[in-house]
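Undergrad: What follows is a structure written as structure tokens; I'll ask about it next.
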Amino acid sequence: MQTPLRSFNWPHLLLLLALWPYAALTAATGWSADAVLGAGTLGALLWLMLWERRLPQRQQWQAQPAELARDGAFLGINAVADALAGALLMGLAIYWASFLAEPGWAADLPPLLALPLAIALGELGPFALHRLAHRRPWLWRIHELHHRPAKLNAANSVLAHPINVIWNKLARVLPWLLLGFEPQVLLWAALFIQVQGIAVHANIRGSLGALDLLIGSAELHRWHHSVIEGEAQNYGTAIPLWDQVFGSYIRRPGKEPALLGLYEPSDDPSAIPAA
Numbered sequence: 001m002q003t004p005l006r007s008f009n010w011p012h013l014l015l016l017l018a019l020w021p022y023a024a025l026t027a028a029t030g031w032s033a034d035a036v037l038g039a040g041t042l043g044a045l046l047w048l049m050l051w052e053r054r055l056p057q058r059q060q061w062q063a064q065p066a067e068l069a070r071d072g073a074f075l076g077i078n079a080v081a082d083a084l085a086g087a088l089l090m091g092l093a094i095y096w097a098s099f100l101a102e103p104g105w106a107a108d109l110p111p112l113l114a115l116p117l118a119i120a121l122g123e124l125g126p127f128a129l130h131r132l133a134h135r136r137p138w139l140w141r142i143h144e145l146h147h148r149p150a151k152l153n154a155a156n157s158v159l160a161h162p163i164n165v166i167w168n169k170l171a172r173v174l175p176w177l178l179l180g181f182e183p184q185v186l187l188w189a190a191l192f193i194q195v196q197g198i199a200v201h202a203n204i205r206g207s208l209g210a211l212d213l214l215i216g217s218a219e220l221h222r223w224h225h226s227v228i229e230g231e232a233q234n235y236g237t238a239i240p241l242w243d244q245v246f247g248s249y250i251r252r253p254g255k256e257p258a259l260l261g262l263y264e265p266s267d268d269p270s271a272i273p274a275a
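Under full-length UniProt numbering, the sequence shown has 132 at position 132, and the numbering climbs by one with no breaks.
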């Protein structure tokens, strides 16, 4: 069944389309990688928060002032955690480079092939850790912070334990460094993943239609925050590839979980309920 144009999540689609001219503009003006990532992520957050006010999926999911203060504090804390992880990775990269006579094989790939490959590989490690965190109580105690809100919006996409941020960064970037992707490819893979991480939490109504077979969407990710463990699948955020490969992909167009929030994970999760 086709999705009517008026029910598309246009703010999300337009945001992704805007990444291309943003890439060209920042490359032409010589922005640093940190500036590109910082401005792109902040711009995406503000854009989505604007449209949450105009086209909310649920009015009760709107961020309140106290929640915005909390999420802003975590944004700052996790920016520091991300920077520390980045510094560690830089040291590892320098150490690794001392053993290599030439760049890794990924450096020779054309950008149109290297970028989707970098995105897919950059999602694999965090996907595996995310799935494990829902099955191991000692990891869940760290990850559960992200699931505490009974609502989803762009602001609380940044609500995560700093350790959670660090393990995601290491799991994502280490394979990139080992394979030797070009820095520009990694920059745009990282920005796409960060923007998607915000967009899939946004409280904006509408669907991506059949595109959510290829890229993550809010309609898919809401199932991950269900209070019913068997529904809390879709561990990937930027793309659903690894959920599709490993059998944790839920796609139910036009539907959403009844309640969002915490559940107690078991070692043997229940079967996914029928659609």
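Backbone N, C-alpha and C fix where the C-beta goes; we use that ideal spot for every residue, glycine too.
1. Tell me the DSSP bridge mates of residue 260?
2. List, from N- to C-terminal side, the alpha helix (DSSP H) runs of 4 residues or more that fit wholly inside the UniProt domain "Fatty acid hydroxylase" (117-248).
3. May I have the straight-line CA-CA distance separating residue 114 from residue 145, to the nearest angstrom?
4. Go ahead and label residue 108 buried or exposed: buried means 16 or more other beta carbons lie within 10 angstroms of its beta carbon, across all protein chains shown.
5. State the CB to CB distance for the pair residue 276 and residue 195, rounded to an integer number of angstroms; the pair is presumed to be in contact (CB under 8 angstroms).
6. In whole angstroms, what separates the C-alpha of residue 28 from that of residue 242?
7. What are the partner residues of residue 8, as DSSP defines its beta bridges?
8. What distance in whole Å lies between the Cβ atoms of residue 180 and residue 106, which are believed to be in contact at a cut-off of 8 angstroms?
9. With a 10 Å radius around its C-beta and 16 neighbouring C-beta atoms as the bar for buried, classify residue 212 as buried or exposed.
10. Rounded to the nearest angstrom, what separates residue 12 and residue 25 at their Cα positions?
11. Where does residue 26 fall in DSSP's three states?
TA: According to the structure shown:
1. 226
2. 137-143, 162-179, 183-199, 218-224 and 241-246
3. 34 angstroms
4. exposed
5. The first residue shown for the chain is 1 and the last is 275, placing residue 276 beyond what the model contains.
6. 35 angstroms
7. 207
8. 5 angstroms
9. buried
10. 20 angstroms
11. helix
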